[in-house]
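A short write-up of the structure that comes next.
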Ligand SMILES: NC(=O)c1ccc[n+]([C@@H]2O[C@H](COP(=O)([O-])OP(=O)(O)OC[C@H]3O[C@@H](n4cnc5c(N)ncnc54)[C@H](OP(=O)(O)O)[C@@H]3O)[C@@H](O)[C@H]2O)c1
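In the numbering used here, the protein residues as written are 1 to 259.
Here's what the structure looks like:
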């Protein structure tokens, strides 16, 4: 039976893993920010001394893409320095680290979907901090999986693109949605299932891309959500607002590392 620690358990991915994790085959410990603040070395030390983990799934992250432009130090503290602290704790205890990264490590100029072998060039501070977190792991971790994913949404949790569009539509509002960025939206439940597969199959350590692999814009996704719920609100495409964090125009992810 593997003992698994999940950090950032109150977030979108952490909550979904909690729902989907098998309680029979493995022993899972879900820690929220108030229980385990990954920026706090002492807190990490206590957690890793009191428990023996085989795997740590880091779902904790600074994820506010716009705010990261101004809060660069805070983004770095959580997405880079804290990741290094987790790497050290994991190495010391021979625990594997599963870490989540983003399509925003790419600049969006490739024109075809990004694979694990493509060069990175983040455009915004969030993407830069996530890439530096990846590099910390690749350079220092003894056993790791970095899973890059994109445009996460949940059909069941609040406060994400899916729920926001649905709420507006069910209120009878007309919708205007950005149509000049292309990506591969990913249901967080599918990402959680992929993480469970990694834990089960133990493929070669390293970097993996995971997305739902259907290329679309945010506008396309909104249209799909309306269709799924048989809603007929007026919906119009729009362009990305100028100013703020620069986002890649085209950042679909595919994987060439099937297992
Ligand atoms: N959402 C996306 O579209 C997307 C796309 C690509 C990749 N990703 C990556 O996927 C992963 C999961 O994303 P998500 O959507 O589940 O993010 P999320 O919903 O924002 O969850 C992140 C969680 O981390 C917690 N956290 C922040 N600072 C922490 C700290 N110092 N110690 C412990 N916990 C801390 C947050 O708590 P508070 O809310 O209390 O701060 C929150 O519960 C992240 O690595 C993210 O970068 C996300």
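All residues carry an ideal CB built from backbone N, CA and C; glycine is no exception. Keep in mind the model is a prediction, meaning the values are calculated, not measured.
Put simply, the backbone Cα of residue 129 is about 6 angstroms away from that of residue 75. Set against 7 angstroms, the gap from the CB of residue 187 to the closest heavy atom of ligand 1 is not smaller. Fewer than three beta-carbon pairs drawn from the stretch 67-81 and the stretch 172-192 are found closer than 8 angstroms, and the two stretches are therefore not classed as touching.
When distances are taken from the beta-carbon of residue 151 to the heavy atoms of ligand 1, the shortest one is below 7 angstroms. Rounded to the nearest angstrom, the gap between the Cα atoms of residue 226 and residue 232 is 7 angstroms. Residue state for residue 95 is assigned as coil, using DSSP reduced to three classes.
Taking C-beta atoms as the reference points, residue 188 and residue 5 fail to come closer than 8 angstroms.
Using a cutoff of 7 angstroms, the CB of residue 84 does not count as near ligand 1, since none of the ligand's heavy atoms is closer than that. Between residue 194 and residue 50, the alpha-carbon positions lie close to 29 angstroms from each other. Just measuring C-alpha positions, the residue of 236, 209, 213 sitting nearest residue 223 is 236. From the listed residues 63, 3, 60, 89, the smallest Cα separation to residue 28 is found for 3. Taking the C-beta atoms as reference points, residue 204 is found no nearer than 8 angstroms to residue 66. Boundaries cannot be given for residue 60, as no beta strand (DSSP E) includes it and DSSP labels it neither H nor E. By the neighbour-count criterion, in which a residue is buried when 16 or more other Cβ atoms sit within 10 angstroms of its Cβ, residue 139 is exposed. The Cβ-Cβ distance between residue 57 and residue 98 falls below 8 angstroms.
Residue side-chain check: residue 56 keeps its Cβ at 7 angstroms or more from all non-hydrogen atoms of ligand 1.
Straight through space, the alpha carbons of residue 253 and residue 148 are spaced by roughly 8 angstroms.
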